[in-house]
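Worksheet for the structure shown next.
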């Protein structure tokens, strides 16, 4: 008599699908950042002419539009100021420290923001690019021009916080709101710096590029060193990750045997 096969045990859930590789965007951002840095350092004439061609009419508009210029100063000096961004980062660090297993991520966030500030100041000192000079300035700023500290700091802080929100699986409404606020802030702080005549357009572009490169590199480091640090399943906000291994419940009963053979003893 042919013995029917016993039903197969349920398939254990597999490990979480690895995050998308970041090599391609890292390479693209690295090449673009290095190229822009080289052109600015060499004072490539077409790029300098482009900066002047954008900045001169923009400054005339800023002088004529006093109300809009005052609003831009409030935004750039208070809302999107680098110290405001760092304060926002500090709040995120405190919240991470309250989550079990997220202390490493809190330290990672502090280190990345600090290193980005050091890189930014190092580039400014190395290039020593002069800021725009106007006979009728509407604002003032210190230190060298390239890259824009406002643009780079906002890109790094808001980019990292967006990634952390996604990683910890926030709700759709909060995620979309944060995404809109981040995009408007990063774009807005760059535009206000050019509008107020304290940066050339390529200074802002450099801040965006180096900031994005920092975010991509930092995320890659986090994924490699802490792949399971308090995250959530991508695409399913609020859902916990599945366990990495599966074990049957000790309370579950074995499937009844349909064979005519006597039951086997457990080994």
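Residue numbers (the working numbering): 86 to 352. For every residue, glycine included, the Cβ atom is placed at its ideal position computed from N, Cα and C.
Hey, out of the options, whose CA is closest to residue i's CA?
i, options, result
"residue 253", "154, 138, 186", "186"
"residue 121", "211, 167, 294", "294"
"residue 309", "193, 136, 160", "193"
"residue 138", "153, 292, 246, 279", "279"
"residue 132", "312, 285, 199, 297", "285"
"residue 144", "124, 197, 218", "218"
"residue 291", "118, 111, 113, 112", "118"
"residue 242", "114, 233, 198", "198"
"residue 171", "196, 149, 157", "196"
"residue 265", "244, 277, 311, 281", "244"
"residue 150", "312, 281, 311", "281"
"residue 155", "189, 135, 224", "224"
Quick check on residue i: buried or exposed, where buried means 16 or more other Cβ atoms within 10 Å of its Cβ?
i, result
"residue 239", "buried"
"residue 227", "exposed"
"residue 401", "Since the first residue shown for the chain is 86 and the last is 352, residue 401 is missing from the structure and cannot be characterised."
"residue 299", "buried"
"residue 108", "exposed"
"residue 201", "buried"
"residue 147", "buried"
For the putative contact between residue i and residue j, defined by C-beta atoms under 8 Å, what is the C-beta separation to the nearest angstrom?
i, j, result
"residue 165", "residue 270", "6 Å"
"residue 210", "residue 229", "7 Å"
"residue 248", "residue 304", "6 Å"
"residue 126", "residue 246", "Actually they do not touch by this definition, with Cβ atoms about 31 Å apart."
"residue 283", "residue 216", "6 Å"
"residue 297", "residue 114", "5 Å"
"residue 205", "residue 232", "6 Å"
"residue 157", "residue 302", "The pair is not a contact, with the Cβ atoms about 31 Å apart (cut-off 8 Å)."
"residue 191", "residue 178", "5 Å"
Exercise for review: Identify every run of the alpha helix (DSSP H) within the stretch 205-261, keeping only runs that are complete inside it and at least 4 residues long; order them along the chain.
Suggested key: 234-252
Point to revise | Length at least 3, wholly inside the stretch 142-213: the beta strand (DSSP E) runs in chain order | key: none
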